[in-house]
Amino acid sequence: MSSLSIAGRLFAGISFRQPPRAALAWRARRFYCPRGSQLPVVEEKRRRAVLGGGEKRLEKQHKSGRLTSRERVGLLLDPGSFREYDAFVEHTCTDFGMDSPKNKIPGDGVVTGHGTINGRPVFFFSQDFTVFGGSLSSMHAKKICKIMDRAAEVGAPVIGLNDSGGARIQEGVDSLAGYADIFLRNVMFSGVIPQLSLVMGPCAGGAVYSPAMTDFTFMVKNTSYMFVTGPKVVEEVTMEKVTELELGGAMVHTKKSGVAHRAFENDMHALYEMRQLFDFLPLSNKDPVPIRFTEDPKYVRMTFTVKHLGFTYVSMVKP
Numbered sequence: 001m002s003s004l005s006i007a008g009r010l011f012a013g014i015s016f017r018q019p020p021r022a023a024l025a026w027r028a029r030r031f032y033c034p035r036g037s038q039l040p041v042v043e044e045k046r047r048r049a050v051l052g053g054g055e056k057r058l059e060k061q062h063k064s065g066r067l068t069s070r071e072r073v074g075l076l077l078d079p080g081s082f083r084e085y086d087a088f089v090e091h092t093c094t095d096f097g098m099d100s101p102k103n104k105i106p107g108d109g110v111v112t113g114h115g116t117i118n119g120r121p122v123f124f125f126s127q128d129f130t131v132f133g134g135s136l137s138s139m140h141a142k143k144i145c146k147i148m149d150r151a152a153e154v155g156a157p158v159i160g161l162n163d164s165g166g167a168r169i170q171e172g173v174d175s176l177a178g179y180a181d182i183f184l185r186n187v188m189f190s191g192v193i194p195q196l197s198l199v200m201g202p203c204a205g206g207a208v209y210s211p212a213m214t215d216f217t218f219m220v221k222n223t224s225y226m227f228v229t230g231p232k233v234v235e236e237v238t239m240e241k242v243t244e245l246e247l248g249g250a251m252v253h254t255k256k257s258g259v260a261h262r263a264f265e266n267d268m269h270a271l272y273e274m275r276q277l278f279d280f281l282p283l284s285n286k287d288p289v290p291i292r293f294t295e296d297p298k299y300v301r302m303t304f305t306v307k308h309l310g311f312t313y314v315s316m317v318k319p
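Just so you know, the sequence shown maps onto residues 1 to 319 in this note's numbering.
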């Protein structure tokens, strides 16, 4: 008997089990569904991500004299260069009612991505105060760490637009562990890539440690603060009454503590000056400082008067 006939008899005795019709239908939808059928779901998620905490909270942000997280990104980067990472990420907390649909906001309170400033690459994160006060969750921290890692791999600066009330207490130690991961990268990448910070809101607790460890820190007058604990806690412990401006305002940190390097009148001014500073910095420790061409004369005539000797000295020196 030939091998073909033997194989035929063997296969004839086997009953092949057909998958249930429901399983076949699921596979068809999964792999062969029309492309447009999922677009409404994606568009709805994108709409919710752009709205952040909702229209009322966005309006409140504007009334306080501050821009929203996405408006800040639009002013910081070159037009059309913004590429967002992980826009649909949501937090993983299930306690204290955090698993309800209204608390599942795409992006989880931080906008991350990369773009260009005057044609040069940059990575960034921009915290959204309208989403749980910009508080840091474990997923929020992972998004920031991912951007910092990518910046170090590529060899490009990272800019943080900080507007956060601190750790998200609903997540407990998971949130605090996220801060530890960020601080570790601040230290590891120090001297490797430029790390720049813009404090653009009432930042407290763990939210102020990272900006203090970066290379340059800018603040906004009257709307941004940096303190470990707020005025109410200080009053409870020390019986001293202080305002937010007196405790951690821009003038305190630019004139007394030295944590911040410059303070500006509003968000737009601060973002413009950050773009100006960026032009002076190398992309990483492996890149040269950018050369800026000027129209200064090759030599400058300088006059020195030496009074006690009674004569004037004229010198032609390079600028």
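Don't be surprised by glycine CBs; every beta carbon is placed ideally from N, CA and C.
- Using a Cβ distance threshold of 7 Å, residue 151 and residue 106 do not count as a contacting pair.
- Annotation note: the segment 239-268 contains the following uninterrupted alpha helix (DSSP H) runs of length 4 or greater, listed N- to C-terminal: 244-248.
- In this structure, the CA atom of residue 255 is about 15 Å from the CA atom of residue 227.
- Positions of the beta strand (DSSP E) runs, each at least 3 residues long and wholly inside the segment 51-95, are given as 83-85 in order along the chain.
- Contact between residue 109 and residue 134 is confirmed by a C-beta separation of about 6 Å, below the 8 Å threshold.
- Its chain contains 231, 234 and 235 as the residues whose beta carbon lies nearer than 8 Å to that of residue 242, once the 5 sequence neighbours on both sides are disregarded; these appear in chain order.
- For residue 211, the enclosing alpha helix (DSSP H) covers residues 209-213.
- Following the DSSP letters along the chain, one finds residue 198 inside the beta strand (DSSP E) bounded by residues 195-199.
- Distance from the Cα of residue 198 is smallest, within the candidate group 76, 290, 289 and 40, for 76.
- Residue 171 and residue 137 have their C-alpha atoms roughly 7 Å apart.
- Under the DSSP definition of a beta bridge, residue 116 partners with 121.
- DSSP places residue 40 within a helical segment (H, G or I) once states are collapsed to three.
- Under DSSP, residue 274 forms no beta bridge with any residue.
- In the DSSP annotation of this structure, the continuous segment of the beta strand (DSSP E) that includes residue 162 starts and ends at 158-162.
- Within the DSSP bridge table, the entry for residue 227 names 204 as partners.
- Around the beta carbon of residue 127, 16 or more other beta carbons lie within 10 angstroms, which makes this residue buried.
- Annotation: the segment 127-160 contains the following complete segments of the alpha helix (DSSP H) (minimum length 4 residues), in chain order: 138-154.
- Apart from sequence neighbours up to five positions away, the residues of its chain that approach residue 104 with a beta-carbon distance below 7 Å are 90, ordered along the chain.
- Between the segment 46-64 and the segment 207-216 there are fewer than three C-beta pairs closer than 8 Å, too few to call the two in contact.
- The continuous stretches of beta strand (DSSP E) do not include residue 98, and DSSP gives it neither H nor E.
- With respect to the 7 Å criterion, residue 201 and residue 129 are classified as neighbours on the basis of their beta carbons.
- Between residue 291 and the set 279, 165 and 189, the nearest pair of CA atoms involves 279.
- Assignment of alpha helix (DSSP H) within the segment 171-195, counting only whole runs of 4 or more residues, yields 173-188 in chain order.
- Contact between residue 206 and residue 260 does not hold, since the beta-carbon distance rounds to 18 Å and is not under 8 Å.
- With contacts defined by Cβ atoms closer than 7 Å, residue 174 and residue 194 do not form a contacting pair.
- Here DSSP, grouped into helix, strand and coil, assigns residue 111 to strand.
- Excluding sequence positions up to five before and after residue 69, its CB lies within less than 6 Å of the CB of 111, 126 and 128, all in the same chain and listed in chain order.
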